[in-house]
Every structure is written in structure tokens, then in C-alpha cells.
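If you read the protein sequences in the order shown, they are chains A and B. Read in my numbering, the first sequence has 34 at position 34, and its numbers run on one by one without any break. Read in my numbering, the second sequence has 420 at position 85, and its numbers run on one by one without any break. Don't be surprised by glycine CBs; every beta carbon is placed ideally from N, CA and C. Report on one structure; see the data block that follows.
Number of protein chains: 2
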Amino acid sequence: MAKHIGKQSIELEKNISIISTSSIVGTKEGEGPLREYFDVILTDNLNGQDSWEKAESKIASDSIKLAINKANLNPSDINYVVTGDLLNQCCGSTFGVRGLNIPFFGVFGACSTMGESMSLGSILLESGGAKYVVCGASSHFASAEKQFRFPMDLGTQRPPTSTWTVTGQGSAVLSINDNGPFIKRITTGKIVDLGITDANNMGAAMAPAAADILYQHFQDFSLKPDYYDVILTGDLGEVGKNLLIDLLKNKGYDISKNHKDCGIEIFENKRQDTHCGGSGCACSAVTFAGYFYNQLKYKKFKKMLFIPTGALMSPTSVQQGESIAGIAHCLAIES
Amino acid sequence: MAKHIGKQSIELEKNISIISTSSIVGTKEGEGPLREYFDVILTDNLNGQDSWEKAESKIASDSIKLAINKANLNPSDINYVVTGDLLNQCCGSTFGVRGLNIPFFGVFGACSTMGESMSLGSILLESGGAKYVVCGASSHFASAEKQFRFPMDLGTQRPPTSTWTVTGQGSAVLSINDNGPFIKRITTGKIVDLGITDANNMGAAMAPAAADILYQHFQDFSLKPDYYDVILTGDLGEVGKNLLIDLLKNKGYDISKNHKDCGIEIFENKRQDTHCGGSGCACSAVTFAGYFYNQLKYKKFKKMLFIPTGALMSPTSVQQGESIAGIAHCLAIES
């Protein structure tokens, strides 16, 4: 039985293990510093399809199948797939999952989706109702640019605060066993909205949500930041990272020594011209499923906080003058 | 501990009670046959806002607060809100939940969302990690027409197979106690896609998914349709209802005597000119939260299967020639 701890956290009793992961990424991610940790690097971002959306769905489908395969399982062994993406009506996931014949919970947490899917996957296992769950998240640079910003063909200039949507899907198979790495504690995010309205400055919109959930996590479990080897946020980028560190310092916690951000890790920003870093659901999903899972598995890190961060907005909400609401989901993973 | 039963079902061990519900609906739903069971009927579908999307978010927010209030609780008592909608990037829910200060899991199951949110809410309680969970789903006729079909101002003629998106949000507070009605069994849907491409014939796209999940539910629990007083699907409408009954007859199950469909119940189709019936996430959500919850609470029905049905598609996926994938989530509720 899970225990509800403090204000908004859960401690898991069972040994919820991440038994395998998979990561499929696009060409640009494949030129980045984490390239050797990804399972598949596309040579063509259309992925053999005739639209960016279909390319994303095929990435999602292939990544889920690969994670299942790497766990020496078949799709028919999996009780649930929990996954999501950024496309309207979550179509990246829908058409990715369609052919798999696995019960499906679609989730939407914007770029925090990997945190949401892994949280719910852990809870499904803890409840006793599942043996194997696949959790995932996808995004695609071109389908996201087209939908959220400008048609690709315009070649619109990107402002310095903008981030680069990662192309890929990260997937993780969860089950109960003694091998680990284990998902031990979950702190689930509330929506935090400090009124940012610039859709090209997502880092600023998400940093307050990341600060809020980290503060609550430390409070709920009476832990200090140095308990963890790494505190890994999703896609705050350069601007958001600095804001987060400052916001938490004001609340009495210094994470400057062990904080990393997937958006900063996945690209070499200057060489790859990504401005503030990577973003999108796939940013935290593939960075975790690739490099960080590997480091946990081989015990280079033993205790990690994983905090995918999301900016909840749509082009319609921005056009109607709504601010960009932030959310973040926090998982403590230990090997 | 929940038990995994058969191929894709869960039996819940704890007494997962639906302790309160709330339903807020638009003007047209307030003129329909279930009007006396809704908590709030809007007099203005803009709901005092300056856009249809903001109107939907305010409905969502008010319905969640009302359900919490009807359970004699405060928002700070609630551990999780699990809710979703049809708008791009689920913005109906995001801006509805934003002010509530409750940990949030956003879900997307198209019009099956109420089934998904109630399934995950039950599992959160069963896991031990929560005491109170609010589950919900919203849609709005005008925000959906504008997004999925044509601008409202065009007054485009609707084909006979089309359905009418319900304006509203239904919410339910779940907790563990002995009062009921209880969520006893859950069968989680897979995506079923028989190749329907007509976005004005959602009933045909969803009926195969409903047939698939009902067949699996009866098989997993060795139950016959007459075990239930009512078998209530989400929004198949007139066309989908007949298809579902035929599909299940071919698989050896006759549900013609006790099948009802929220899409048919919520409007008086001829008088209200809704063609095939109601649809949208709110269709099953408010019909359940209003009339059917009342009937369970007062034991007019004792055993009910609730099967919200969803058509997974976006305008982009339809334009790119994708078919409309169906999904349905099945919950057995007993008083």
C-alpha cells in the first residue's frame, strides 16, 4: 500500500522497478552530446511517413515496442500503456498506440507528460491491478513548430529565449521486482501560473511550477537537496534553470550544486544553435530513458529526482490573452 | 489490493464510493428530458466569459468546486483532480483547474474521458495514495464546433448522422467508505479502428470499441448482460447504438433489453433537432453525474455498467486521411 505523505506526496511500498527503457530521437538529437545513449537515431525526421504527425506516431509506436522488446516481453504481456504528446487531441500517441492492442490511458501534461505517465504507471502497479505498464511521451520539432508557432516553410527567426522541441519518444517499462532502479516517491504537481504570456519563453513559465513542486517534495519528506545525486528538471533551458535556482534559494533550498536540466543536457546549445535548450515532451523522456537511466542502472548515480516540467497552453489560449500555466511532476528514483 | 482479472480487467478490493457528483450544463441540455437532475443550467452559454473556451473552463472549475462542496469538503481536502476535455492541449481543463490548488493529472480519452478519469481515480484510491479524488470531464458545443468543424457564424448544415456536442462538465468525488454507490470492476479499453473516416459519423467509429470492451468485460468476469440493470454507453447516438447491439449479438451477447446511451437520453432528438443525439466528453459525464447517479444513490438501479466512448481524432488527422480510432472505458458501479 502506498502512503500519502505530507501535503501532496506518495511513498510507494512495492519495489516499482524501471525494467527497461527505450529512446528514439531525430537527427539533431543524434548530433548532440547524449547521442551514444539513444537506441535509435533517425536518419530522416519524416521517418518514412508523409507527414510530421505520422512521423511522430511511428516514433511513438516503435519506441513502445522497443522498450517491451528490451524487457524480453511481448505487447500481450503489458497491462497498460500510459502515454501522451503535444499534438491536438494527443494524436501522436493515439495513432502510435493504435496497432499495439494494449489497454490505453492517454494523458496530457504538456512537456511534463513523462512525469505524469510514470507517476500513474507506478500507482497502477502499486494498486495491484497491473504486472507490466509502459509509460511514455513523444514530441516532434516539426509537428510542434507547425502547430504552436509558424509553418516550417516560413523559416521564421526564433527569439533568444526560445527552446527547440525535441523529436523523439522515450518509453519505460515498469514492473515489480528487486532489480531497480526503483521509483520510490512521487510528488504530483499543481498548476502554478505567475502570468507569463510569452509563448517563446517557456522556461520562465515553468520555473515557478518546478520550484513549487521541489519545495513541496523537500518539505513532505523532510529531505534536503543534497540527499539526491542529481535533481533533473525537464526542459527549463538556460533562462528557466537560473530562475528555478533563485526561486528555491528564496525558499531556503540550494539546488545549484546538483541541478541539471534535460533541455540543457540534450543539445550543445552554441554549436547546435538551439538558443535556450531543448523542450517538448520528448526532451525529458528521451534524456531520462537514454543517458540518465543508464547512469542509474550502472549506479553512477544512486539517487535522482526527476521533474519533467510542462507549459499548459494552446495557440488559442495564447491568442485569447491567457497566461501560460506551468506544472511539474516529481519522481524520486533510486538504484 | 486490486486484482487483475482475465485479459484486461481489474476487480477493486476497497469500497471505492462515489460520494458526490455535480453537473453543470448549457441551455439546450437544460431543455432536455434530464433537466431536473442537473445541478446548474446556464442561462447563457458564454457563461459570463468572452470566449467559448473560457466559458468551458469556468464550467469545469465551477463543477469541480460544486462536487467538492456537495461532499462537505474543501478543495484542500482533495488529493488529486483527474479531468480532461476535447480542446487542443486540453485547455478547458487546464484553465478550469488552475485556480483550485489541487494536484492535477490531465487525461485525454476524447469523449471517453469520464471513464478514464473515474478509472484512474479508483486506482489512485485503491493504491492507498489518496483519500479523496475528483474525476471529471467537460465539453462545450460552441468550442467544439469551432475547433472540429466550422465557425459557428457560418451556420453550416449538419448531416443526419451527426451528433450534438453537450455543453457542460460532470464531476464526481471518489473516496473509500461504506455508503456507495461503489466502483467495483474496471475494464480498460484498447484502441479499436475499423477504418471509419467520416468525422460526422462518430457513432459508427466508436461502436466497435464499445462492443470490444463489453465483450471483454463479460468474458473477464464470466458475467452475462442481464447481470446489470443498465448498460450505459457514452455517446453512440442512434446509429452507434444499433451497430453496438448488432456487433455484440454476433459475439453471443444480447444487450438490447438493458442498453441505454447517454447521447440518446440527454436530448429529445426530434423536438431538439439534435439528429443522432448528444456527444462530447460532457455527454456521458453529466448524464451519469445527473440522472444515473441519482438512480443508483436511491437504488432505482442497483447494478450498472458505465462505458463512456471516445473517438480519437483531430482535424489534422482527418485531413491527412487517418481513420477515426475508437476507445471505450468500462466501469461496473453497484449500489
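Query - Local conformation of A:Thr316 per DSSP, three classes - result: The count along the first sequence starts at 1 and reaches residue 316 of chain A at position 316. DSSP places A:Thr316 in helix when its eight states are reduced to three.
Query raised in the report: Going by beta carbon distance, what residues of the same chain come within less than 6 angstroms of B:Asp528, once the five residues before and after it are set aside?
Result: As a working note, residue 528 of chain B is residue 193 in the second sequence. So the qualifying residues of the chain are Ser658 and Ala660.
Query raised in the report: By the 10 Å Cβ neighbour count, where 16 or more other Cβ atoms means buried, how is B:Asp596 classified, buried or exposed?
Result: Start at 1 with the first residue of the second sequence, and residue 596 of chain B comes out as number 261. B:Asp596 should be labelled buried.
Report task. Could you work out which residues of chain B lie near A:Pro208, taking near to mean beta carbons separated by less than 9 angstroms? Result -> Working through the first sequence from its first residue, we reach residue 208 of chain A at position 208. Correct list: empty, because the minimum Cβ distance to chain B is about 13 angstroms.
Query raised in the report: In chain order, what residues of the same chain lie with their CB nearer than 6 angstroms to the CB of A:Asn201, ignoring the 5 residues before and after it?
Result: Locating residue 201 of chain A in the first sequence gives position 201, where the first residue counts as 1. Answer for A:Asn201: Thr161, listed in chain order.
Requested in this report: For chain A, find out if any of its Cβ atoms is closer than 7 angstroms to the Cβ of B:Asn577; answer yes or no.
Outcome: Within the second sequence, the letter at position 242 stands for residue 577 of chain B. False, the Cβ-Cβ gap to chain A never drops below 7 angstroms.
**Report entry** Under 7 angstroms (Cβ pairs) to chain A, residues found in the region 425–438 of chain B
**Finding:** Cys425, Cys426, Thr429, Phe430, Val432, Arg433, Asn436, Ile437 and Pro438
Query raised in the report: Under a three-way DSSP split, which group does A:Cys283 fall into?
Result: In the first sequence, residue 283 of chain A corresponds to position 283, counting from 1. Note: A:Cys283 maps to helix in three-state DSSP.
Query raised in the report: CB-CB under 6 angstroms to A:Gly310, same chain, minus the five flanking residues each way: which ones, in chain order?
Result: Within the first sequence, the letter at position 310 stands for residue 310 of chain A. So the qualifying residues of the chain are Gly109, Ala110, Cys111, Ser112 and Ile327.
Query raised in the report: Taking the alpha carbon of B:Gly463 as the point to measure from, which residue in B:Tyr415, B:Cys470 and B:Pro650 has its own alpha carbon closest?
Result: In the second sequence, residue 463 of chain B corresponds to position 128, counting from 1. For the residues B:Tyr415, B:Cys470 and B:Pro650, the minimum Cα distance to B:Gly463 belongs to B:Tyr415.
**Report entry** Interfacial residues, the region 110–135 of chain A to chain B, with Cβ spacing under 8 angstroms
**Finding:** Ala110, Glu116, Ser119, Leu120, Ile123, Leu124, Glu126, Ser127, Gly128, Gly129, Ala130 and Lys131
Report task. Please compile the residues from chain B whose C-beta is within a distance smaller than 8 angstroms of the C-beta of A:Val107. Result -> Working through the first sequence from its first residue, we reach residue 107 of chain A at position 107. In chain order: Phe440, Gly441, Val442 and Phe443.
Report task. Return no unless some Cβ of chain B is closer than 7 angstroms to the Cβ of A:Lys65. Result -> Residue 65 of chain A sits at position 65 when you count from the first residue of the first sequence. Answer no: the Cβ-Cβ gap between A:Lys65 and chain B never drops below 7 angstroms.
**Report entry** Closest residue to B:Val621 among B:Ile340, B:Ser357, B:Glu348 and B:Gly490 (Cα-Cα distance)
**Finding:** Here residue 621 of chain B corresponds to residue number 286 of the second sequence, with the count starting at 1. The residue with the shortest Cα to Cα distance from B:Val621 is B:Ser357.
Query - Residue-chain proximity (B:Met336, chain A), Cβ-Cβ < 7 angstroms - result: Reading the second sequence from its first residue, position 1 is the one you call residue 336 of chain B. For B:Met336, the answer is yes, since a Cβ of chain A falls inside 7 angstroms of its Cβ.
Requested in this report: Return the residue from the list B:Gly450, B:Ser411, B:Ser352 and B:Leu558 that minimises the CA-CA distance to B:Ala617.
Outcome: As a working note, residue 617 of chain B is residue 282 in the second sequence. Measuring from the Cα of B:Ala617, the nearest candidate turns out to be B:Gly450.
Query raised in the report: What residue range is occupied by the uninterrupted beta strand (DSSP E) comprising A:Met304?
Result: On the first sequence, residue 304 of chain A is found 304 positions in, with the first residue counted as 1. Unbroken beta strand (DSSP E) run through A:Met304: Lys303 to Ile307.
Requested in this report: Would you mind stating whether A:Phe267 and A:Gly32 have Cβ atoms separated by less than 7 angstroms?
Outcome: Here residue 267 of chain A refers to the residue found at position 267 of the first sequence. Here residue 32 of chain A refers to the residue found at position 32 of the first sequence. Yes, they are a contact pair.
Query raised in the report: Is there contact between the region 152–167 of chain A and the region 67–84 of chain A, where contact requires at least three CB pairs shorter than 8 angstroms?
Result: no
Requested in this report: Keeping to the same chain, check which residues put their C-beta closer than 7 angstroms to that of A:Thr187; ignore five residues upstream and five downstream.
Outcome: For the purposes of this step, residue 187 of chain A is identified with residue 187 of the first sequence, where counting begins at 1. Only Gln8, Ser9, Ile213, Gln216, His217, Asp220 and Cys330 meet the Cβ criterion.
Query - Closest by C-alpha distance to A:Glu53, when choosing among A:Ile191, A:Thr167, A:Tyr227 and A:Phe306 - result: Looking up residue 53 of chain A in the first sequence gives position 53. Nearest option by C-alpha distance: A:Thr167.
Query - For B:Ile566, the first and last residue of its enclosing beta strand (DSSP E) - result: For the purposes of this step, residue 566 of chain B is taken as the residue at position 231 of the second sequence. Counting along the chain, the beta strand (DSSP E) containing B:Ile566 begins and ends at Val565 to Thr568.
Query - Contact set for A:Val318: own chain, Cβ-Cβ below 8 angstroms, skip 5 residues either direction - result: The residue labelled residue 318 of chain A in the question sits at position 318 within the first sequence. Answer for A:Val318: Thr197, Ala199 and Ile324, listed in chain order.
**Report entry** beta strand (DSSP E) runs contained entirely in the region 63–105 of chain A, provided each spans 3 or more residues
**Finding:** 80–84
Query raised in the report: Looking at A:Phe182 and A:Ser17, is the spacing between their C-beta atoms short of 7 angstroms?
Result: Here residue 17 of chain A refers to the residue found at position 17 of the first sequence. Here residue 182 of chain A refers to the residue found at position 182 of the first sequence. Yes, the pair counts as a contact, with Cβ atoms nearer than the cut-off.
Query - A:Lys302 at chain B interface by Cβ criterion, 7 angstroms - result: The residue you call residue 302 of chain A lines up with position 302 of the first sequence. By this cut-off, A:Lys302 is not an interface position.
**Report entry** Simplified DSSP assignment, three categories, for B:Glu348
**Finding:** For the purposes of this step, residue 348 of chain B is identified with residue 13 of the second sequence, where counting begins at 1. Residue state, collapsed to three classes: coil.
**Report entry** Proximal chain B residues relative to A:Gln219, where beta-carbon distance stays under 8 angstroms
**Finding:** Residue 219 of chain A sits at position 219 when you count from the first residue of the first sequence. By Cβ distance, chain B contributes nothing, its closest Cβ being about 14 angstroms from A:Gln219, past 8 angstroms.
Query raised in the report: Should the region 226–236 of chain A be regarded as contacting the region 249–261 of chain A, the criterion being three or more beta carbon pairs within less than 8 angstroms?
Result: yes
Query raised in the report: If you run the structure through DSSP and keep just helix, strand and coil, what is A:Val166?
Result: Locating residue 166 of chain A in the first sequence gives position 166, counting from the first residue. Correct three-state label for A:Val166: coil.
Query raised in the report: How many Å lie between A:Ser57 and B:Gly524 at the Cα?
Result: The sequence position of residue 57 of chain A within the first sequence is 57, counting from 1. The sequence position of residue 524 of chain B within the second sequence is 189, counting from 1. Roughly 19 angstroms separates the two Cα atoms.
Query raised in the report: Which class does A:Tyr298 belong to by DSSP, given the choice of helix, strand or coil?
Result: Position 298 of the first sequence, counted from the first residue, corresponds to residue 298 of chain A. Residue state, collapsed to three classes: coil.
Query raised in the report: What whole-angstrom Cβ distance do A:Gly96 and A:Ser138 have, given they're in contact under 8 angstroms?
Result: On the first sequence, residue 96 of chain A is found 96 positions in, with the first residue counted as 1. On the first sequence, residue 138 of chain A is found 138 positions in, with the first residue counted as 1. Contact flag correct, Cβ pair sits at about 7 angstroms.
Query raised in the report: Of all the CB atoms in chain A, is at least one closer than 7 angstroms to the CB of B:Thr523?
Result: Counting from 1 along the second sequence, the entry for residue 523 of chain B is found at position 188. Yes, B:Thr523 counts as interfacial toward chain A.
Requested in this report: Could you say which of A:Gly26, A:Cys135, A:Lys270 and A:Ala55 lies nearest to A:Ile78 if we only look at CA atoms?
Outcome: On the first sequence, residue 78 of chain A is found 78 positions in, with the first residue counted as 1. When only C-alpha atoms are compared, the closest one is A:Cys135.
Requested in this report: Could you check the C-alpha separation between B:Pro410 and B:Ala465 for me, to the nearest Å?
Outcome: Position 75 of the second sequence, counting from 1, holds the residue named residue 410 of chain B. Position 130 of the second sequence, counting from 1, holds the residue named residue 465 of chain B. About 14 angstroms.
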